[in-house]
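A.B. asks: The structure under discussion is supplied below as structure tokens; questions concerning it will follow.
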Amino acid sequence: MSDGEVADVEVEVAADVNLAGAMTVEDALQQVLKKALVHDGLARGLRESVKALDRRQAHLCVYVETCTEKEYVKLVEALCAEHNINVIKVGDAKKLGEWVGLCKIDANGEARKVVGCSCVVVKDFGEDSEARSILLSSFQTR
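Just so you know, we're using my numbering here: the sequence shown kicks off at 8 and counts up by one.
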């Protein structure tokens with residue numbers, strides 16, 4: 008090779024398994040909640056969530072539709088409707104508790120001692136991500 012020639016080099020880049028088009032709303036919600044947890048932007052539990060909703064600090068509210076006290080659901084829905092806050096309902100309180108960090112992680116990375124959570128409010132999304140844009144676009148299509 009002389010000084011004026013440039014060698015062509017081919018580099019293989021591994022593709023991400025979970026493509027943006029294949030990401031479901033539930034996967035996007037899980038990633039958004041984890042990012043918000045890292046940036047200290049979550050209000051977990053009914054008391055913290057209602058305070059954040061009442062102070063208009065909330066961007067997104069997630070609650071469990073199988074809550075035993077129907078008055079809690081009415082309160083959260085009314086506050087969200089009054090302040091125009093997007094709402095997502097999930098089916099399992101234990102799953103929501105695991106997503107927002109209310110569990111212990113063992114040495115293998117498995118969640119142990121998961122505490123159920125009835126309501127979570129996202130006050131700060133943290134950094135901009137694809138999951139956030141997918142989640143927000145799902146609200147616009149409703």
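Cβ atoms here follow ideal geometry from the backbone N, Cα and C, with glycine treated the same way.
(1) In or out: residue 132 buried (at least 16 other Cβ within 10 Å) or exposed?
(2) Taking DSSP's pairing of strands, which residues face residue 126 in a bridge?
(3) Looking only at C-alpha atoms, which of 109, 46 and 119 sits nearest to residue 126?
(4) Mapping DSSP to helix, strand and coil, what is residue 111?
(5) Determine the extent of the beta strand (DSSP E) in which residue 51 is found, giving its start and end residues.
(6) Excluding five sequence neighbours on each side, which residues of the same chain lie with their C-beta closer than 7 Å to the C-beta of residue 46?
(7) With H, G and I counted as helix, E and B as strand and the rest as coil, what does DSSP make of residue 120?
C.D. replies: The relevant details are as follows:
(1) Here the question's residue 132 lines up with position 125 in the sequence shown. Classification of residue 132: buried, given that the 10 Å Cβ count is 16 or more.
(2) As a first step, residue 126 must be located in the sequence shown, where it is residue number 119. Looking at the DSSP assignment, residue 126 forms a beta bridge with 70.
(3) Walking along the sequence shown from the start, residue 126 turns up at place 119. Residue 126 has its Cα closest to that of 109, out of 109, 46 and 119.
(4) By 1-based counting over the sequence shown, the position of residue 111 is 104. Correct three-state label for residue 111: strand.
(5) Position 44 of the sequence shown, counted from the start, is the residue given in the question as residue 51. Start and end: 49-51.
(6) On the sequence shown, residue 46 is found 39 positions in, with the first residue counted as 1. Excluding residues within five positions, the ones whose Cβ falls inside 7 Å are 131 and 133.
(7) Position 113 of the sequence shown, counted from the first residue, corresponds to residue 120. DSSP places residue 120 in coil when its eight states are reduced to three.
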